[in-house]
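Just below is one structure, and these are the notes that go with it.
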Amino acid sequence: MLNFNGQQIIDYQSPMADSSRWRIFQLRPNDIVISTPPKSGTTWTQMICALLIFRSAKLDQPLGTISPWLDQKVQSVEQVLAQYEAQTHRRFIKTHTPFDGIPYFDNVSYIFVGRNPLDQFFSLYNHYKNSDRAAIEASLGQKLKAPFSADPDKYFQQEIAKSIGWHHFETFWQAKTLPNVILLHYSDLKSNLAKQISKLAHFLQIDITMEICNWLSTFASFDYMKENASNLAPNSIQNFWQSDHRFFHSGQDGFGRDFLSVESIQFYDSVKKRYPLDMIQWLEHGKSTHR
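Counting from 21, one number per residue, gives the positions in the sequence shown under this note's numbering.
The structure is reproduced here in structure tokens:
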């Protein structure tokens, strides 16, 4: 099973996920793979894909049932594979696995969504605060590591800056010129959602007018998704969240830097120097012509 580099796919393991499931998952021609770091716009992109494919905001099942996280250990691999195998519509598959851990086929579409790492951090920080630890552990059948630090600076410096998704993004940045790979950005989605829906539709070869994109953007808006969180938040069926609505915390953009100490920002600035400047500029700001 080869990745985009023509090498054997890499397996990623965590208490929550097992990417080796990709080794037995049968991708179909025209499948859509949505691969993002957590809290970068995954659910948002799933909703956009659902709207483009079904042309309706009324989903027959919860979004997380239509497009389950393939690697997540909450369901057995047999259950998740059966869910996807039973689907006859164009499938859109959720994963948080980097591109080098996913099988690559030129007849499959791959979507990455980037977000300013500081904004992503605070979204993830609030995400963990909203989690129901007992419900998650019960679903996984195991205890998780000690709770994260309530001090955002300590949490950022000890945990997040070293694993915030740099490698994940880097794998897609290396593949950004492939015709079946698209890089979207959270900031661009925020600034002109209808335009980004149109861009994604064009990439997916879905024939759609700008008028319809404007209409669909209402149902992909932050307010709509927050209001319908019980049907759109992932793992709401398993009661993973203290509040489904707070899964969609604020949807803000460009605020992360204001909440961290000078020392944390300096630490962040030192980490990002390890990567190419154009890659970091896109990750922080978006607005790129790269596909």
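Glycine is no exception: its CB is placed at the ideal position from the N, C-alpha and C atoms.
Residue interval of the beta strand (DSSP E) (run including residue i)
i, result
"T115", "F112 to T115"
"S237", "That residue, S237, is in no beta strand (DSSP E); its alpha helix (DSSP H) goes M230 to F239."
"L203", "V201 to H205"
"Y130", "S129 to G134"
Short Cβ contact (8 angstroms threshold) for residue i with residue j
i, j, result
"P123", "I29", "yes"
"N23", "F119", "yes"
"D51", "I131", "no"
"L18", "Q107", "One cannot answer for residue 18 here, as it falls past the ends of the chain, which runs 21 to 311."
"Y206", "R135", "yes"
"Q92", "A37", "yes"
"L213", "V128", "no"
"F287", "Q177", "yes"
"T85", "L252", "no"
"D173", "S290", "no"
"G61", "L209", "yes"
"R111", "Y104", "yes"
"Q81", "P88", "no"
"R41", "L79", "no"
Three-state class that DSSP yields for residue i in the structure shown
i, result
"D298", "helix"
"G121", "helix"
"A253", "coil"
"A221", "helix"
"S40", "helix"
"L22", "strand"
"I226", "coil"
"I30", "coil"
"F242", "helix"
"Q140", "helix"
"S263", "Residue confidence is low: S263 scores 49 on pLDDT, short of 50, so the model does not pin down where it sits. No coordinate-derived value is stated."
The alpha helix (DSSP H) enclosing residue i, as first and last residue numbers
i, result
"H109", "Note, H109: premise wrong, no alpha helix (DSSP H); not H, not E."
"I68", "T62 to F74"
"V282", "V282 to K292"
"V100", "V97 to E105"
"L90", "Neither: L90 is in no alpha helix (DSSP H) and is coded neither H nor E."
"P172", "P172 to Y175"
"F189", "W186 to Q194"
Own chain residues within Cβ distance below 6 angstroms of residue i, not counting five before or after
i, result
"P57", "G185 and H188"
"A221", "L72 and I228"
"G121", "I29, I30, Y32 and S39"
"H116", "P58"
"E304", "N136"
"P49", "N127"
"M299", "W193"
"G320", "The first residue shown for the chain is 21 and the last is 311, placing residue 320 beyond what the model contains."
"K219", "none"
"Q301", "none"
Same chain, Cβ closer than 8 angstroms to residue i, neighbours up to 5 away in sequence not counted
i, result
"I44", "V97 and L101"
"Y244", "A77 and T238"
"S281", "D173"
"M21", "Q28, I29, W42, R43 and P123"
Short CB-CB distance (under 8 angstroms) between residue i and chain E
i, result
"F242", "This model lacks chain E altogether; it includes just one protein chain."
Beta-carbon proximity list for residue i, same chain, < 7 angstroms, skipping 5 on both sides
i, result
"H265", "Low confidence applies to H265: its pLDDT is 46, below 50, so where it sits in the model is not reliable enough to give any reading."
key: At least 3 beta-carbon pairs within less than 8 angstroms: the stretch 59–72 vs the stretch 225–245   = yes
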